[in-house]
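Everything on this sheet refers to the single structure shown next.
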Amino acid sequence: MRALSSTQALPDDCAVVDTAWLRRNLEGDVRIFDARGSAGGLELEEGEDGAGGAAGAGPHPTALTADYDAYLEGHVPGAVFVNWTRDGARYLDGGGEEEGVEEEPMEEASQQSGGGWRRRLPRPRDCGGGRRPLVAESDPDTYVPCFEARGLSAEQPVMVYDDGRSMTAARVWWSLLLFGHPQPCLLAGGWDEWRAGGGGSELYEPCPLKLSTTFEAEPQPQYRACAAEFVAAAAEQGASAAAAGSRPVAVLLLPEGWHRDAAGPLPPGLRTVSLSELVPAPGSPPAEGAGGAGARLLAEAAAVAMAAEGPRRELQRALRVRLGGALGLPELGDGVGARVSLASPHDASASACVLGAVLRAAGHNDWAVCDSL
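The working numbering puts the sequence shown at residues 74 to 446.
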């Protein structure tokens with residue numbers, strides 16, 4: 074257990090906390106980020122479905138947004154607003170280093186795959202109306218001053234929340250992990266659950282002069298997979314469908330209600346799953362919570378983190394077994410199992426970041442998010 078300043082000690086692999094933890098530690102030494110917004114979505118016109126709908130028509134992507142207005146209308150006391158589409162993030166310009174990754178290695182994994190499969194994947198609209206990937210900033214000279222101005226310190230615990238449904242906080246959580254913060258946490262249930270449980274609200278913003286800190290931390294690039302790594306992982310799987318052990322694994326998170334063939338032929342070695350396929354069986358407490366599949370998974374991760382040591386280990390083991398079964402992996406856990414590369418271009422990596430947080434809660438830390446696919 075790592076004691077974080079004056080806050081309640083958390084397990085080293087804690088990624089998600091619940092609102093009860095926040096109530097106990099609200100007056101403690103914890104930085105709180107409000108990252109409410111929308112990770113986009115796919116709107117279907119009448120007559121369309123997740124398999125592609127009418128001939129020549131497809132789902133229409135909605136835009137990525139940050140909800141500063143909601144923050145001004147009320148937020149967790151002491152929370153600082155973070156624009157998840159801009160703070161520590163940027164849109165990848167056409168012709169960038171990630172955009173230039175060749176697709177042939179994965180395409181060669183299957184004679185059934187047509188070229189350009191990556192271009193067929195659904196994507197939300199960016200700030201300019203295009204469909205450029207939103208990637209985490211890689212230059213410390215850019216992201217360090219940005220978050221120092223918002224009060225981020227490696228010596229202080231940080232907790233990120235959204236509305237409880239949008240999963241935008243997961244994207245910020247992953248960025249903070251990537252930037253080197255030792256233990257960022259997500260709030261399960263987010264703002265909606267906080268308020269439903271009687272949590273307080275305030276309207277004013279913290280004084281910028283009181284927020285300024287120094288953020289000194291070594292980046293953790295192992296939590297990010299470039300497009301080339303993702304493509305290579307799927308190609309290796311394709312060469313051996315029964316790949317297990319330490320072989321890398323590429324997992325594409327699909328929009329809810331979508332089928333694998335909705336984006337056209339995909340390499341057979343690419344594992345596809347939606348978050349709803351990972352939730353506990355109906356009737357179990359986490360599955361009965363409010364919100365979508367991502368919210369229910371984060372609620373389960375929080376239950377694992379908040380449990381006493383003995384029960385927590387058993388809950389972790391059960392979570393690893395269930396995730397491993399859904400992902401087709403015989404083993405998960407630190408020191409065993411595959412490196413798992415995750416991608417969800419349809420929601421700017423939000424679903425991938427949620428699954429990363431759940432894998433971390435389950436005790437499997439050899440994972441990475443590919444935000445440039």
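In this text, a Cβ means the ideal position worked out from N, Cα and C, and glycines have one as well.
Treat the numbers as computed from the prediction; the structure is a model and nothing was measured.
{"Item": "Quick check on Tyr234: buried or exposed, where buried means 16 or more other Cβ atoms within 10 Å of its Cβ?", "Value": "buried"}
{"Item": "Closer than 8 Å is the cut-off here; do at least three beta carbon pairs connect the stretch 143-158 with the stretch 107-114?", "Value": "yes"}
{"Item": "With contact counted as at least three CB pairs below 8 Å, one residue from each stretch, are the stretch 418-427 and the stretch 382-399 in contact?", "Value": "no"}
{"Item": "Which residue comes first and which comes last in the alpha helix (DSSP H) that contains Gly110?", "Value": "Looking at the DSSP string, Gly110 is not in any alpha helix (DSSP H); the run it does join, the beta strand (DSSP E), is 110-112."}
{"Item": "For a quick check, are the C-beta atoms of Ala261 and Asp91 less than 7 Å apart?", "Value": "yes"}
{"Item": "In angstroms, rounded to a whole number, what distance separates the CA positions of Tyr296 and Cys280?", "Value": "33 Å"}
{"Item": "Between Leu259 and Ala88, how many whole angstroms is the CB-CB distance? I'm expecting something under 8 Å.", "Value": "6 Å"}
{"Item": "For Val155 versus Val245, is the C-beta spacing smaller than 7 Å?", "Value": "yes"}
{"Item": "With C-beta atoms as the reference, is Val322 less than 7 Å away from Ala411?", "Value": "yes"}
{"Item": "Where does Ser417 fall in DSSP's three states?", "Value": "coil"}
{"Item": "Which residues bound the alpha helix (DSSP H) around Met379?", "Value": "366-379"}
{"Item": "I'd like to know whether the C-beta of Ser285 is nearer than 7 Å to at least one C-beta of chain C.", "Value": "Although the question refers to chain C, the structure presented lacks it and comprises just one protein chain."}
{"Item": "With distance defined between alpha-carbon atoms, name the residue in Ala227, Gly147, Pro353, Val431 nearest to Leu371.", "Value": "Val431"}
{"Item": "Could you name each continuous beta strand (DSSP E) segment of 3 residues or more that falls completely within the stretch 271-332, going from the start of the chain to the end?", "Value": "322-326"}
{"Item": "Return the residue from the list Val153, Pro195, Arg163 that minimises the CA-CA distance to Gly337.", "Value": "Pro195"}
{"Item": "Could you tell me if Asp439 is buried or exposed, where buried requires 16 or more neighbouring beta carbons within 10 angstroms of its beta carbon?", "Value": "buried"}
{"Item": "If you drop the 5 nearest sequence neighbours on each side, which residues of the same chain put their C-beta closer than 7 Å to that of Cys219?", "Value": "Asp160, Gly161"}
{"Item": "Do you know offhand how far Thr345's Cα is from Val427's?", "Value": "15 Å"}
{"Item": "Can you name, in chain order, every residue of its own chain whose Cβ lies under 6 Å from the Cβ of Glu275, other than the five neighbours on each side?", "Value": "Pro150"}
{"Item": "Is it buried or exposed, Tyr216, if we count other Cβ atoms within 10 angstroms and call 16 or more buried?", "Value": "buried"}
{"Item": "How many Å lie between Tyr164 and Asp102 at the Cα?", "Value": "33 Å"}
{"Item": "Taking the CB atoms as reference points, tell me whether Ser347 and Glu329 lie closer together than 7 Å.", "Value": "yes"}
{"Item": "Over the uninterrupted alpha helix (DSSP H) stretch that includes Pro218, give me the two end residues.", "Value": "213-221"}
{"Item": "I'd like to know whether the C-beta atoms of Gly237 and Gly263 end up nearer to each other than 7 Å.", "Value": "yes"}
{"Item": "Would you kindly check if the distance between the Cβ of Gly429 and the Cβ of Leu415 is under 7 Å?", "Value": "yes"}
{"Item": "Express the C-alpha separation of Phe288 and Val352 in angstroms, rounding to a whole number.", "Value": "36 Å"}
{"Item": "Which residue wins for smallest C-alpha separation from Gly367, given the options Ser239, Pro294, Arg390?", "Value": "Ser239"}
{"Item": "Pull up the DSSP beta-bridge partners for His148, would you.", "Value": "Glu275"}
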